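Just so we're aligned: the sequence shown equals residues 1 to 645 in UniProt numbering. Even for Gly, the Cβ is constructed at its ideal location relative to N, Cα and C. These numbers come from a predicted model, not from an experiment.
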Amino acid sequence: MGSLQNKKAFIENQAELPDLSEYQLTDEKRLILSESNSLLFAELSEKLEENELAHLRLEIDALKTEYEHFTNSTATFLEARFRKNTNSHQLLSLWIKLEDYENANKKLKWWHQLIFPLKYRIKDKYFYELTYHEMIQIVQEKYYQVKITELESRKSSIEKALHDFSFTEKMKEYTRVSMLLFKNFLYKKYQGIQRLVYSESDFRLKSQQFIIDYPVILSTTYSLTRSLSKEIMYDFVIVDESSQVNLASGVLSLSCAKRAVVVGDLKQLPNVVEKEMVIKTDQLFAEYQIPESYRYSTQSLLSSLSELFPEIPKTLLREHYRCHPRIIDFCNRKFYNDQLIILSENNEEREPLLVYRTVAGSHARERENQRQIDVITQEIIPQQMLENANLGIVTPYRNQTTALQSVFENTDIKADTVDKFQGRENDVIILSTVDNEISDFTDNANRLNVAVSRAKDQLILLVNGNETQKDNNISDLIRYIEYNNFTVVHSEIYSVFDYLYKGYEEQRRLLLSKQKNTSVFDSENLMLLLIKQVLSEQEFSKYDVMIHFPFRSLFTDYDKLSDEEKRYAQHHATHLDFLIYNRLGKNPVLAIEVDGYEYHKTESRHGERDAMKNQILEKYKLPLLRFSTTGSGEKEKLISALKMV
């Protein structure tokens, strides 16, 4: 009903009410259907394990990827036989026990060979002749295998339960009956009624009758107040894509609403405000000191409401069905703090994630990059067999879009800016970044989130081959793709096996909780709380932390070290108090040490080791942040260090 053209089209195409008699139900039949659907709803709610199933599929996929990285990076290949019913809990317990013995310089006794087979299910006697490092490596290897098997078993049991319950069929039945009841409601309300034929003037003169005949009105936010009489108040106004609704028109639409449902995503692109309006808005706010929540130039309807009413009832639409799991998992980890439930299926026809790099050079001119266009036409499309694919090409800039549209004129390939692609989708998306060095505009988190999530089956990221040290959103996407495709650029620092060590931490915490003291150092407990508090902020949500990370698991080689440094780095007791790493590429970004005043004095033996640890990490370019227990300003220092990585 928004534009004059829409109103005219409506007037010219008014239709009589259809015959609704086929929707008629007797009161008895309606009651029976209503009661049966209520029972069916209760059953479906109890059996709604689809979310756990989706989580398991992702967890298994991630664990298999990590296991492959583990086997690729393990220098020696050792095996030991375990009994068939060995579980992951036992393996983690054995790992911790072996590490404790190693740290205490204890040797395994003859009676361990009697206890370990019973408690930890080890069958091979030669296991006890190995070094602790070799034993732990065997246990870690077995842990991956057993944990994957356990998760696969749980997945199979859920799938069987859902199959036996006929979940899909019952969900269809619930939907069918719900629709019958709804159509019966329409029958009771409209059967036998003659709907008026309206003229343009009737929209205002007969608004109340019009609302009865047509209870659902579609309009833009700007035009809603002019669709019918100004006196009309809608029971509900539902504003869709509200992150792209400017504040002025959004307020207009709310002015005729008794209640409102505002739907949108703050992680996607906001509405575009022209430069002149930005200047006028800023002048107005400077003069009258209006609260920032109302700033037209920066706030959408959704962001303004979110700031003004932080306690407003919210519902997160978590289920995601569109993108390949590995594509949307990047957005989930990077932008949504793992809140999404990914219910889409794997499509194995295409590699879901690829990175193409041009040769190094200054190829971009005035926000256009012909070299990237050449790579798309001469390499990506033929190599990935995209000639007949449902293909979209997104770019940050209008100039690149114009050039691409010229190249693909009279084809089915759609090229446009990321902003214009919001709300659209393609089976395959090529993201042409254009920049020689990624700009803040291209790297904008909302823009990247929209670009990535347009791809259903395959995302191809095209970047310039220039080396960069920047740690930004695009570099996170590159790391994520390389990690999951095993085309990792082998740095001198290990990728972090977060699943393995996270499981270890949880098990160790469980065992320590049974003892009187859960930690030797209160200072480390306090530092852990501070680190987790800082990492919970949106700016640092891509990072996670591990405690007491072993030094020898950090490096792939020791070529840069002296003999003394090598012995120290490989020693079983050498560890980092805390290691902060990027969850997307699993790469370490910051080491943290907590130094007690007496224990870490420069002239002490531990002080010498601290200096050696500093030198080693500096050689491998891993930043180190030391906190003294007699210092201050720890939170500010940590935030500053994370902004520098």
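Host beta strand (DSSP E) of residue i (start-end)
i	result
Y543	543-550
N485	Premise fails: N485 lies in the alpha helix (DSSP H), 473-485, not in any beta strand (DSSP E).
A257	257-262
F236	234-239
L353	353-357
Coil, strand or helix - residue i by DSSP
i	result
Q286	First, the amino acid is wrong: residue 286 is Ala here, not Gln. Reduced to three states, the DSSP call for A286 is helix.
R567	helix
V251	helix
S300	strand
H320	strand
S628	strand
Q372	helix
Y581	strand
Q339	coil
G607	helix
G392	strand
residue 653	Because residue 653 is not part of the residues shown, which for the chain are 1 to 645, the question remains open.
P588	strand
S432	strand
N614	helix
R295	coil
K643	helix
Q244	helix
K516	Caution is warranted here: a pLDDT of 45 is assigned to K516, below 50, making its placement in the model unreliable, and the coordinate value is therefore given only provisionally. Correct three-state label for K516: coil.
I460	strand
I279	helix
V594	strand
R365	strand
F182	helix
F309	coil
F555	strand
F82	strand
V488	Low per-residue confidence applies at V488: pLDDT is 49, beneath 50, and the placement is therefore not dependable enough to give any value.
F540	helix
Residue i burial status per 10 Å Cβ neighbour count (16 or more: buried)
i	result
residue 719	The chain is shown from 1 up to 645; residue 719 falls before or after that span and cannot be answered.
L638	buried
K258	exposed
Y120	buried
W95	buried
R424	exposed
W16	Reading off the sequence, residue 16 comes out as Glu, not Trp. The residue in question, E16, is exposed, as its Cβ has fewer than 16 Cβ neighbours within 10 Å.
S453	buried
F441	exposed
V261	exposed
S253	buried
H320	buried
D19	exposed
L196	exposed
G361	exposed
Range covered by the alpha helix (DSSP H) that runs through residue i
i	result
L622	Unbroken run through L622: none, as it is neither H nor E.
E348	Where E348 is concerned, there is no enclosing alpha helix (DSSP H), given that its DSSP letter is neither H nor E.
F165	132-165
K119	112-119
A451	445-452
residue 647	Residue 647 is absent from the structure shown; the chain starts at 1 and stops at 645.
S439	S439 -> no alpha helix (DSSP H), and no H or E assigned at all.
L92	88-103
E524	522-535
Q208	207-213
T225	224-227
Nearest-angstrom beta carbon gap, residue j and residue i [assumed within contact, 8 Å]
i	j	result
L151	I32	In fact, because the Cβ distance is near 43 Å, the residues do not count as touching under 8 Å.
N426	G392	3 Å
H572	E134	Not really, about 12 Å apart at Cβ, beyond 8 Å.
L624	A591	5 Å
R626	Y568	Going by Cβ atoms, the distance from R626 to Y568 rounds to 17 Å, so no, they are not a contact pair.
Q372	S432	5 Å
V645	D471	6 Å
Y483	K586	6 Å
N449	Q268	6 Å
Any chain D beta carbon closer than 8 Å to residue i
i	result
H572	Protein chains in the displayed structure number just one, and chain D is not present.
Complete alpha helix (DSSP H) runs within the segment 5-76 (minimum length 4 residues, chain order): 27-46, 50-73
Within the segment 380-426, ranges of the beta strand (DSSP E) (whole runs, at least 3 residues): 391-395, 414-417
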